[in-house]
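J.: Taken in order, the sequence shown gives residues 1 to 198; the numbers are from UniProt numbering.
Just so you know, even glycine gets a beta-carbon here, dropped at the ideal spot from N, CA and C.
Input: one structure, supplied below.
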Amino acid sequence: MGEIVTDRLEENFRDLMNYDFTAQMEDRLDQVANHQAEWKEVLNHFFGDFTTQLATAEKDPEEGGMQPNPMVLTSIDCPTCGRKMGIRTASTGVFLGCSGYALPPKERCKTTINLVPENEVLNVLEGDDAETNALRAKRRCQKCGTAMDSYLIDPKRKLHVCGNNRPATATRLKRANSASRAMTARWWSARSAGLKCT
Numbered sequence: 001m002g003e004i005v006t007d008r009l010e011e012n013f014r015d016l017m018n019y020d021f022t023a024q025m026e027d028r029l030d031q032v033a034n035h036q037a038e039w040k041e042v043l044n045h046f047f048g049d050f051t052t053q054l055a056t057a058e059k060d061p062e063e064g065g066m067q068p069n070p071m072v073l074t075s076i077d078c079p080t081c082g083r084k085m086g087i088r089t090a091s092t093g094v095f096l097g098c099s100g101y102a103l104p105p106k107e108r109c110k111t112t113i114n115l116v117p118e119n120e121v122l123n124v125l126e127g128d129d130a131e132t133n134a135l136r137a138k139r140r141c142q143k144c145g146t147a148m149d150s151y152l153i154d155p156k157r158k159l160h161v162c163g164n165n166r167p168a169t170a171t172r173l174k175r176a177n178s179a180s181r182a183m184t185a186r187w188w189s190a191r192s193a194g195l196k197c198t
């Protein structure tokens, strides 16, 4: 999620992500603190530029606005309509959403499937050492070599997703092995029982 936010900020608010800009802003704030600059003038200058960039980012992508998060299609069929499910990222995290969501209202399918990050499950059920070992043993993307994130779809299936999470991202759907199935079954039963794991 943090990488997506950083990408969007770099694309649409370059000044905010520029080290020189940050250093200059700190200098201006020091001048305000030392009564060498008027704070309203400093803020007005900043907000003038920022407001222009914000107005551009709010436009449609075709007009130069902020790009939406692309969906990455998978080989998983939607349980409701049979179309392919895609990996989506939102403020709530990563999930599978039906590719039919973008269709006109009468044809639209709003089916989603929660994806549970495997490292969260390991941390809750097995402790920090298990999570650390899993991070070291992460699969690597065949396309770019980036570490792949593992998500539990249900007690029997795991989805491995390239950490770059771009439209051309590599994904791999795997059946869980017996140890993994036992661990995820414990997680799902704890979840179904309403236990809150933190």
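Is it buried or exposed, C144, if we count other Cβ atoms within 10 angstroms and call 16 or more buried?
T.: exposed
J.: Enumerate, from N- to C-terminal direction, the unbroken beta strand (DSSP E) stretches of 3 or more residues contained entirely within the region 69–98.
T.: 72–77, 84–90 and 93–98
J.: Taking residue 201 as part of the beta strand (DSSP E), name the residues at either end of that continuous run.
T.: Coverage of the chain is limited to positions 1 through 198, which leaves residue 201 absent and any answer about it impossible.
J.: Determine the direct distance from the alpha carbon of I76 to that of P104, and round the result to whole angstroms.
T.: 22 Å
J.: For the region 66–84 against the region 105–112, do three or more pairs of beta-carbon atoms, one drawn from each stretch, fall closer than 8 Å, so that the two count as touching?
T.: yes
J.: Which residue wins for smallest C-alpha separation from H45, given the options D149, V72, F21 and T89?
T.: F21
J.: Are the region 46–64 and the region 88–105 in contact at 8 Å, needing three or more beta carbon pairs?
T.: no
J.: If you drop the 5 nearest sequence neighbours on each side, which residues of the same chain put their C-beta closer than 7 Å to that of I153?
T.: I113, L115 and L159
J.: What residues are listed by DSSP as bridge partners for L152?
T.: V116 and K158
J.: One question on the structure: do K138 and M148 come within less than 9 Å of each other, judged by their Cβ atoms?
T.: yes
J.: Determine the extent of the alpha helix (DSSP H) in which T22 is found, giving its start and end residues.
T.: Y19 to A33
J.: Exposed or buried, which one is T74 when buried takes at least 16 other CB atoms within 10 Å?
T.: The residue is buried, with at least 16 neighbouring Cβ atoms inside 10 Å.
J.: For Y19, is the classification buried or exposed, using 16 other Cβ atoms within 10 angstroms of its Cβ as the cut-off for buried?
T.: exposed
J.: State the CB to CB distance for the pair A37 and Q31, rounded to an integer number of angstroms; the pair is presumed to be in contact (CB under 8 Å).
T.: With 8 Å as the limit, A37 and Q31 qualify as a contact, their Cβ atoms being about 4 Å apart.
J.: So what's R139 in DSSP terms, helix, strand or just coil?
T.: In this structure, R139 counts as coil in the three-state DSSP scheme.
J.: Apart from the five residues on each side of it in sequence, which residues of its chain come closer than 7 Å, Cβ to Cβ, to W39?
T.: Once the five neighbours on either side are set aside, the close Cβ partners of W39 are V32.
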